[in-house]
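Notes for the one structure printed next.
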Amino acid sequence: MGDYSTSNRLAVDQPTRGADRNRTLADQADPATDKMLLPSLDDGITLLDIEGSRGVPILQSLVLDHLLLHDGPAFWVDANGYATTTTLARIAPSQRLLDRIRVARGFTAYQHYGAVCDLPTAVNQSIQESTADTGIRGRQSMSRDEDSSPHTPSLIVTPAIDAQYRSDDTLREGDATTLQARTLARLATYADGYDVPVLITRSTIDEVTAPVATAADHHLECEQTRMGPRFVGEDFETLIYPIDDGAYYQTTFAYWRQLLAARATQVGLEPATPSSSTSTATGVGTGVTADGETVSATADPLLDAWTATGSGGR
98 MGDYSTSNRL AVDQPTRGAD RNRTLADQAD PATDKMLLPS LDDGITLLDI EGSRGVPILQ
158 SLVLDHLLLH DGPAFWVDAN GYATTTTLAR IAPSQRLLDR IRVARGFTAY QHYGAVCDLP
218 TAVNQSIQES TADTGIRGRQ SMSRDEDSSP HTPSLIVTPA IDAQYRSDDT LREGDATTLQ
278 ARTLARLATY ADGYDVPVLI TRSTIDEVTA PVATAADHHL ECEQTRMGPR FVGEDFETLI
338 YPIDDGAYYQ TTFAYWRQLL AARATQVGLE PATPSSSTST ATGVGTGVTA DGETVSATAD
398 PLLDAWTATG SGGR
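With the sequence shown counted from 1, adding 97 to any position gets you my numbering.
And the structure:
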């Protein structure tokens with residue numbers, strides 16, 4: 098029930114992308130585009146709502162992105178098969194990242210709640226193992242985040258947090274609501290006690306999961322577009338997407354309105370409301386590369402990097 102274990106250890110042929118490499122990446126990062134792809138996860142509970150599907154690769158991408166930028170393991174309390182190593186291995190830039198994800202699975206409401214309750218024990222065991230290990234974990238002490246540690250948790254993940262409490266026929270409705278509330282309360286305690294983000298999702302948005310939204314400190318929404326996942330949060334909005342040659346496509350008209358409104362204000366003109374007749378009638382419109390070249394963007398060539406079949410993702 099609360100048996101946390103590392104995800105499947107696969108054959109490693111790729112170099113480790115550890116905290117030392119993260120520092121190099123930070124030095125080379127373009128400040129203008131460093132945060133354009135995936136939002137950062139702040140301490141506290143973050144609720145991620147994904148439009149249109151379960152969004153397993155999207156959730157996993159956020160987890161892996163966080164691990165690339167922070168030391169320490171991620172503790173994952175799984176429900177409904179979100180912690181699939183097949184997808185994780187496909188999108189991970191280094192398969193060694195999988196060794197930093199410790200997974201517990203709950204197949205009933207009581208098992209799920211028990212796994213959440215057992216998390217401090219799993220954390221203590223992980224700390225004991227990592228501090229005794231003089232190998233890879235012991236050497237990766239540098240990080241982009243000076244406050245992170247290779248021994249303490251860097252992230253807690255609980256996808257489909259309502260799933261087991263919603264589907265367990267052995268629970269009365271009131272008991273299910275109480276048990277879910279206790280789970281949320283414990284996760285809030287862990288977020289505060291360990292000073293880490295807790296990333297959660299919900300299977301359905303309704304009155305049952307209204308307390309989940311209430312308990313969340315931050316809220317992210319993800320819309321899956323033809324060009325890639327588009328995230329919107331309190332301090333983040335996906336506006337442009339990278340392509341292979343390092344240039345960037347931009348597909349949201351809101352970005353251009355924002356840019357032109359700022360330019361109009363700069364030169365002392367009142368921004369005009371764009372006419373609906375100027376919008377693109379078919380396809381997904383046009384994109385602009387970093388060199389200023391306008392190109393056509395159809396519905397076919399640039400698929401969602403996270404959900405396309407056979408794609409490794411970026």
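We put the CB at the ideal spot given by N, CA and C, even for glycine.
Other residues of its chain near residue i: CB distance less than 8 angstroms, five sequence neighbours each side excluded
{"i": "Ala-171", "result": "Val-160, His-163, Leu-164, Arg-197, Ile-198, Arg-199, Pro-250, Ser-251, Leu-252, Ile-253 and Val-254"}
{"i": "Val-85", "result": "Coverage of the chain is limited to positions 98 through 411, which leaves residue 85 absent and any answer about it impossible."}
{"i": "Arg-234", "result": "The predicted model places Arg-234 with a pLDDT of 43, which falls under 50 and marks its position as unreliable, so this point remains unresolved."}
{"i": "Ser-372", "result": "Unreliable placement is indicated for Ser-372, whose pLDDT of 47 sits below 50; the coordinate value is still reported in the next sentence. Closer than 8 angstroms at Cβ, skipping near neighbours: no residue."}
{"i": "Pro-217", "result": "Tyr-287"}
Residues near residue i in its chain [Cβ-Cβ closer than 6 angstroms; skip 5 each side]
{"i": "Arg-202", "result": "Asp-175"}
{"i": "Tyr-210", "result": "Leu-276 and Thr-280"}
{"i": "Asp-314", "result": "Gly-141 and Ile-142"}
{"i": "Thr-335", "result": "Arg-327 and Phe-328"}
{"i": "Asn-177", "result": "Ala-257 and Ala-260"}
{"i": "Glu-318", "result": "Asp-146 and Val-329"}
{"i": "Leu-268", "result": "Ala-206"}
{"i": "Phe-333", "result": "Pro-136"}
For residue j and residue i, believed in contact at Cβ under 8 angstroms, the rounded distance
{"i": "Leu-296", "j": "Leu-145", "result": "6 angstroms"}
{"i": "Pro-190", "j": "Phe-328", "result": "The pair is not a contact, with the Cβ atoms about 19 angstroms apart (cut-off 8 angstroms)."}
{"i": "Ile-142", "j": "Ala-312", "result": "6 angstroms"}
{"i": "Thr-306", "j": "Asp-266", "result": "In fact, because the Cβ distance is near 19 angstroms, the residues do not count as touching under 8 angstroms."}
{"i": "Ser-300", "j": "Arg-263", "result": "7 angstroms"}
{"i": "His-316", "j": "Gly-330", "result": "7 angstroms"}
{"i": "Ala-310", "j": "Ala-206", "result": "Ala-310 to Ala-206, Cβ: 20 angstroms. No contact."}
Own chain residues within Cβ distance below 7 angstroms of residue i, not counting five before or after
{"i": "Gly-149", "result": "Gln-321"}
{"i": "Tyr-179", "result": "Val-153, Leu-156, Pro-256 and Ala-257"}
{"i": "Ala-278", "result": "Pro-308"}
{"i": "Val-293", "result": "Asp-140, Pro-250, Ser-251, Leu-252 and Ile-253"}
{"i": "Ile-224", "result": "His-248 and Thr-249"}
{"i": "Phe-204", "result": "none"}
{"i": "Glu-270", "result": "none"}
{"i": "Gln-222", "result": "none"}
Neighbour-count burial assignment, residue i, 16 or more Cβ in a 10 Å radius
{"i": "Gln-261", "result": "buried"}
{"i": "Thr-412", "result": "With the chain represented from 98 up to 411, any question about residue 412 goes unanswered, as that position is not in the structure."}
{"i": "Thr-362", "result": "exposed"}
{"i": "Thr-298", "result": "buried"}
{"i": "Leu-366", "result": "exposed"}
{"i": "Val-213", "result": "buried"}
{"i": "Ser-158", "result": "buried"}
{"i": "Thr-183", "result": "exposed"}
{"i": "Ala-282", "result": "exposed"}
{"i": "Ala-229", "result": "exposed"}
{"i": "Ala-126", "result": "Interpretation of Ala-126 is limited by its pLDDT of 42, a score under 50 that renders its predicted location unreliable; the figure taken from the coordinates is listed afterwards. Exposed, by the Cβ-count rule."}
{"i": "Leu-166", "result": "buried"}
According to DSSP, residues forming a beta bridge with residue i
{"i": "Gly-141", "result": "Pro-294"}
{"i": "Ile-147", "result": "Cys-319"}
Cβ of residue i within 9 angstroms of any chain B Cβ
{"i": "Pro-217", "result": "Here there is only one protein chain, and chain B is not present."}
For the region 197 to 272, which segments carrying the alpha helix (DSSP H) assignment without a break, of at least 4 residues, lie completely within its bounds, in sequence order?
206 to 214, 216 to 229, 233 to 236 and 260 to 264
What are the uninterrupted segments assigned as beta strand (DSSP E) that are 3 or more residues long and contained completely in the region 278 to 347, given in chain order?
294 to 297, 315 to 322, 325 to 329, 337 to 339 and 345 to 347
To test your reading of the DSSP string, which unbroken alpha helix (DSSP H) runs of 4 or more residues are found completely within the region 151 to 178?
153 to 166
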